[in-house]
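Structure, as structure tokens:
Protein chains in written order, with this note's numbering: chain A, 6 to 250; chain B, 604 to 713.
Listed below in structure tokens is the structure:
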């Protein structure tokens with residue numbers, strides 16, 4: 006489809022397109038992933054309302070998994086707070102980056118609305134926003150994000166609810182294949198980032214983080230982000246200078 | 604005892620929610636104060652990419668839950684197939700399908 010097609014879309018059409026994009030694979034995959042999470046939460050001893058509250062309130066799987074595993078291990082409140090904060094520190098960067106991509110300031114939303122919409126930001130919707138940025142004009146990206154992220158959220162919450170009770174319905178042999186979809190979807194999506202430096206950051210982050218994890222635990226995420234982000238930024242700086250001559 | 608555990612679980616939950624919301628809030632506050640196209644924004648963006656890919660790879664290399672019952676080699680194989688296809692064809696859904704199917708075949712047959 007031509008650029009003209011995307012330029013001429015209305016806000017409602019954009020939201021609808023985003024909903025369709027979310028329905029194609031990410032929505033159902035997130036639903037099943039969160040169903041998988043809910044079964045872990047139940048095993049760890051959280052009741053149904055707690056499992057639901059984690060998905061509604063945190064809405065970030067890595068942090069939720071950290072919470073559940075530490076809770077099961079009997080960790081202190083302080084340790085839980087620090088570890089979940091580290092696992093979800095990326096939210097800070099994702100929110101800033103998403104606001105920049107959508108040119109959020111130009112929409113003149115009140116503070117509570119900005120916070121409200123950013124509550125639904127997840128890895129999947131952030132990576133997909135980067136993908137949509139390559140097609141949609143920037144004034145439509147907020148609408149795109151709203152349609153996409155709410156659809157994903159709906160599936161995620163539905164998965165959390167159903168997964169708690171129906172966790173045994175899917176055989177583990179099938180469930181483990183389904184749970185594989187979301188991480189692969191995200192990695193395939195971000196390796197296609199438009200910017201070369203971003204792609205370098207993806208490669209560095211995905212090599213460094215699992216390597217550092219046995220040594221540094223949750224701190225590995227922060228370290229991989231700092232080091233990978235710094236090297237990629239140096240690369241883009243050097244590269245621009247090179248091309249400017 | 605039952606009640607005590609449940610009481611602690613709710614506090615643990617609140618701590619975890621607070622530990623996440625604090626970043627989202629900070630992000631919204633900082634977003635309007637960082638100039639777009641600045642070196643700082645480039646760095647933040649790159650860090651976000653590195654952290655997101657790091658967290659996701661962590662879930663693949665050191666998984667929790669039912670994914671733990673699969674072999675690392677099989678997970679990496681599925682990822683490699685998907686990556687190879689997406690890099691050459693640039694088609695997301697197509698490569699996703701192939702990546703997941705290769706993983707499913709590897710896990711089921713080997």
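Glycine is no exception: its CB is placed at the ideal position from the N, C-alpha and C atoms.
- Boundaries of the alpha helix (DSSP H) harbouring residue 646 of chain B: 642 to 664, taken from the DSSP string.
- Linking residue 79 of chain A to residue 50 of chain A through their CA atoms gives a straight-line distance of about 11 Å.
- If the five residues before and after residue 684 of chain B are omitted, its C-beta is found closer than 7 Å to the C-beta atoms of 701, 702 and 705, all from its own chain and listed in chain order.
- For residue 62 of chain A, a Cβ of chain B is located within less than 7 Å of the residue's own Cβ.
- What residue 95 of chain A touches in chain B, judged by beta-carbon distance under 7 Å, is 651, 654, 655 and 658, going in chain order.
- Distance from the CA atom of residue 712 of chain B to the CA atom of residue 126 of chain A, rounded to whole angstroms, is 38 Å.
- Interface annotation for the region 163 to 177 of chain A against chain B: 177, criterion Cβ-Cβ distance under 7 Å.
- Contact note: residue 86 of chain A reaches chain B through 618, 619, 621 and 622, using a C-beta cutoff of 8 Å and chain order.
- Annotation: residue 128 of chain A to residue 99 of chain A spans about 8 Å, alpha carbon to alpha carbon.
- Taking the CA atoms as reference points, residue 133 of chain A sits about 18 Å from residue 692 of chain B.
- Within the same chain, Cβ atoms closer than 7 Å to the Cβ of residue 138 of chain A are found at 106 and 146, the five residues on either side in sequence being excluded.
- Ranked by Cα distance from residue 669 of chain B, the first of A/181, A/201 and A/220 is A/181.
- Neighbours of residue 197 of chain A in chain B, taken as residues whose beta carbon is under 9 Å from its own, are 689, 690, 693 and 695 in chain order.
- Taking a C-beta cut-off of 7 Å against chain B, the contacting residues of the region 207 to 222 of chain A are 207, 209, 210, 211, 213, 214, 215 and 218, listed in chain order.
- In chain order, 110 make up the part of chain A whose C-beta sits under 7 Å from the C-beta of residue 635 of chain B.
- By the neighbour-count criterion, in which 16 or more other beta carbons inside 10 Å mark a residue as buried, residue 189 of chain A falls on the buried side.
- A distance below 7 Å separates the beta carbons of residue 19 of chain A and residue 148 of chain A.
- Against chain A, a Cβ distance below 7 Å from residue 647 of chain B picks out 98, 101 and 102.
- In the three-state scheme derived from DSSP, where H, G and I count as helix and E and B as strand, residue 124 of chain A is classed as coil.
- Apart from the 5 residues on each side of it in sequence, residue 160 of chain A sits with its Cβ closer than 7 Å to the Cβ of 32, 33, 35 and 36 in its chain, given in chain order.
- Closest in alpha carbon position to residue 661 of chain B, among A/241, A/217 and A/242, is A/217.
- In this structure, the beta-carbon distance from residue 191 of chain A to residue 207 of chain A does not fall below 7 Å.
- Only exposed fits residue 222 of chain A, as fewer than 16 other CB atoms lie within 10 angstroms of its CB.
- Within the same chain, Cβ atoms closer than 7 Å to the Cβ of residue 202 of chain A are found at 237, 238, 240 and 241, the five residues on either side in sequence being excluded.
- Residue 10 of chain A counts as exposed, since fewer than 16 other C-beta atoms from the protein chains shown sit within 10 angstroms of its C-beta.
- For residue 48 of chain A, the enclosing alpha helix (DSSP H) stretches over residues 31 to 49.
- Under the three-pair Cβ rule at 8 Å, the region 606 to 624 of chain B counts as touching the region 67 to 87 of chain A.
- In the assembly as shown, residue 244 of chain A is an exposed residue. Its beta-carbon has fewer than 16 other beta-carbons within 10 Å.
- By the CB criterion at 7 Å, residue 695 of chain B and residue 678 of chain B fall outside the cutoff.
- The alpha helix (DSSP H) runs lying completely inside the region 183 to 231 of chain A and spanning 4 residues or more are 201 to 221, given in chain order.
- The region 637 to 654 of chain B and the region 115 to 124 of chain A do not touch, with fewer than three beta-carbon pairs separated by less than 8 Å.
- When 8 Å is used as the limit between beta carbons, residue 628 of chain B is near these residues of chain A: 120, in chain order.
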